[in-house]
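*Asks:*
Numbering (our numbering), first residue to last: 497 to 823.
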């Protein structure tokens, strides 16, 4: 075999192996897959695993390695070893040290004071001044920033990761926002509103998560606030981080199925639409002791810890709350 042909086959094998390499991690909660992360390179696989483990810790689930497939690689041959002791490598000083932050040339970044969602691309790092030259992905103009004023389009802060759906606490619409980038120095995240497309910067403490479960309640669940009078209830669209020690209690953001408006409640004020308590179950017909008509009511939801049931009258359609001893 000619040398040129051998080199061609070797490079073809390496290219095939690089394309075949892939990984997949998934987050499971109670046997249900709620998120999946994939990678096509070793660096992407490391980030995918980190995001999976971070998300699993946040929602009380497990991170499952879906397996990694590796394509064929050509055999490696070792050169013959010469007798004698191994030479001791001598360290060589790097005249161009890497920046102390994780930002690299080619990364997508978002300056803190920019209002558009396209960000910029890092062109150059000046090791003498510690500054980055970046090119706007909107205008093509070039600017200079330091690391503390740039957010990168990968990574996580606490339990919030880039690409996550989040809900700022002071927003009143149900569409939320997408995390575009994070600044580990300032502990802030750049988010893009799913309603207006505008871009904002928030501290991680001011964001609610668009997925997860805690105390038998998950994002997406149908719930009934104990003080509501209509029978449609609401949907849980976000929750605070279960690991957030700043809060004395969990906060849930819900969307009314009647008006579409968004509200925030603590767990103690929400009843879930499944389960049983003291011999009574959700969906069961009941006859409250103080009712005089024979149609009774239907249990819509229960708050097991408080022993409270949300009941809809089969006569008027109105909603009431009862303890089990009143049914």
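Glycine residues also receive a C-beta, built at the ideal position from the N, C-alpha and C atoms.
Using a Cβ-Cβ cutoff of less than 7 angstroms, which residues in the same chain neighbour residue 613 once the five nearest sequence positions on both sides are dropped?
*Replies:* Closer than 7 angstroms at the Cβ level, and outside the excluded window around residue 613, lie 676, 688, 693, 695.
*Asks:* Taking the alpha-carbon positions, what's the residue 824 to residue 725 distance?
*Replies:* Since the displayed the chain opens at 497 and closes at 823, residue 824 lies outside it and no answer follows.
*Asks:* Helix or strand or just coil, what does DSSP make of residue 558?
*Replies:* Here residue 558 sits in strand by DSSP.
*Asks:* Do you know offhand how far residue 655's Cα is from residue 788's?
*Replies:* If you take the alpha carbons of residue 655 and residue 788, they lie about 52 angstroms apart.
*Asks:* Within the same chain, show all residues whose beta-carbon is closer than 8 angstroms to that of residue 617, passing over the 5 residues directly before and after it, in chain order.
*Replies:* Excluding positions up to five away in sequence, the list reads 602, 603, 604, 605, 630, 631, 633.
*Asks:* Candidates 739, 611, 705, 712: which alpha carbon is nearest residue 553's?
*Replies:* Nearest of 739, 611, 705, 712 to residue 553, Cα basis: 739.
*Asks:* Output needed for residue 819: all residues of its chain with C-beta closer than 8 angstroms, excluding positions within five of it in sequence on either side, in chain order.
*Replies:* The answer, listed in chain order, is 803, 804, 805.
*Asks:* Taking the beta strand (DSSP E) that residue 794 falls in, what are its first and last residues?
*Replies:* Counting along the chain, the beta strand (DSSP E) containing residue 794 begins and ends at 793 to 799.
*Asks:* Please report the straight-line C-alpha distance between residue 562 and residue 716, rounded to a whole angstrom.
*Replies:* Taking the straight line from one Cα to the other gives about 25 angstroms.
*Asks:* Could you pull out every residue in the same chain whose Cβ sits closer than 7 angstroms to the Cβ of residue 558, ignoring the five residues on either side in sequence?
*Replies:* Counting only Cβ-Cβ distances below 7 angstroms, and skipping sequence neighbours, we find 524, 552.
*Asks:* In angstroms, rounded to a whole number, what distance separates the CA positions of residue 723 and residue 635?
*Replies:* Residue 723 and residue 635: Cα-Cα distance of roughly 51 angstroms.
*Asks:* Taking 8 angstroms as the cut-off, decide whether the C-beta atoms of residue 763 and residue 748 are in contact.
*Replies:* It is a contact, given that the beta carbons lie within the stated cut-off.
*Asks:* Taking Cβ to Cβ, would you say residue 620 is nearer than 8 angstroms to residue 653?
*Replies:* Going by C-beta atoms, residue 620 is not nearer than 8 angstroms to residue 653.
*Asks:* Could you tell me the alpha carbon to alpha carbon distance between residue 807 and residue 531, rounded to whole angstroms?
*Replies:* So the alpha carbons of these two residues sit roughly 35 angstroms apart.
*Asks:* Quick one: using the 10 Å Cβ neighbour count with 16 as the cut-off for buried, is residue 638 buried or exposed?
*Replies:* Residue 638 comes out exposed.
*Asks:* When DSSP labels each residue in this structure, what does residue 535 get in the three-state scheme?
*Replies:* Three-state result, residue 535: strand.
*Asks:* Quick one: is residue 623 buried, meaning 16 or more other Cβ sit within 10 Å of its Cβ, or exposed?
*Replies:* Residue 623 comes out exposed.
*Asks:* Just to confirm, is the Cβ distance from residue 644 to residue 599 under 8 angstroms?
*Replies:* No, the Cβ-Cβ distance between residue 644 and residue 599 is not below 8 angstroms.
*Asks:* Answer with buried or exposed for residue 640, where buried requires no fewer than 16 other C-beta atoms within 10 angstroms of its C-beta.
*Replies:* Flag for residue 640 reads exposed.
*Asks:* Straight-line CA distance for residue 646 to residue 797?
*Replies:* C-alpha separation (whole angstroms): 47 angstroms.
*Asks:* Could you tell me the distance, in whole angstroms, from the CA atom of residue 746 to the CA atom of residue 548?
*Replies:* Rounded to the nearest angstrom, the two C-alpha atoms are 23 angstroms apart.
*Asks:* Taking C-alpha atoms, which residue in 770, 794, 772 lies nearest to residue 781?
*Replies:* Residue 794 is the option with its Cα nearest to residue 781.
*Asks:* Taking 8 angstroms as the cut-off, decide whether the C-beta atoms of residue 670 and residue 758 are in contact.
*Replies:* Against a cut-off of 8 angstroms, the Cβ pair of residue 758 and residue 670 comes out as a contact.
*Asks:* Relative to the C-alpha of residue 774, which residue among 783, 785, 755, 800 is closest?
*Replies:* Of 783, 785, 755, 800, the residue nearest in Cα terms is 800.
*Asks:* Have a look at 750, 708, 705, 706 and flag the residue whose alpha-carbon is nearest the alpha-carbon of residue 718.
*Replies:* Selected option, being the one with the closest Cα: 750.
*Asks:* Please list, in chain order, all residues of the same chain as residue 545 whose beta carbon is under 6 angstroms from its beta carbon, the five residues on each side excluded.
*Replies:* Excluding positions up to five away in sequence, the list reads 521.
*Asks:* Please work out which residues of its chain come closer than 8 angstroms, Cβ to Cβ, to residue 815, disregarding the five sequence neighbours upstream and downstream, and give them in chain order.
*Replies:* 720, 724, 725, 726, 727, 796, 806, 807, 808, 809.
*Asks:* From the DSSP output, in three-state form, read off residue 553 for me.
*Replies:* In this structure, residue 553 counts as helix in the three-state DSSP scheme.
*Asks:* The beta strand (DSSP E) that contains residue 631, what's its start and end?
*Replies:* Per DSSP, residue 631 belongs to the beta strand (DSSP E) from 627 to 632.
*Asks:* Looking at the structure shown, is residue 720 part of a helix, part of a strand, or coil, going by DSSP?
*Replies:* Residue 720: strand per DSSP, three-state reduction.
*Asks:* What do you reckon, are the CB atoms on residue 663 and residue 704 nearer than 8 angstroms?
*Replies:* Cβ atoms of residue 663 and residue 704: closer than 8 angstroms.
*Asks:* Taking residue 686 as part of the beta strand (DSSP E), name the residues at either end of that continuous run.
*Replies:* First-last of the beta strand (DSSP E) with residue 686: 684 to 689.
*Asks:* In angstroms with no decimal places, state the Cα-to-Cα distance between residue 536 and residue 529.
*Replies:* Taking the straight line from one Cα to the other gives about 21 angstroms.
*Asks:* Taking the alpha-carbon of residue 540 as reference, which of 712, 685, 650 has the nearest alpha-carbon?
*Replies:* Selected option, being the one with the closest Cα: 650.
*Asks:* Only counting the same chain, and skipping five residues up and downstream in sequence, which positions put a Cβ closer than 6 angstroms to that of residue 627?
*Replies:* Here the set comprises 640, 642.
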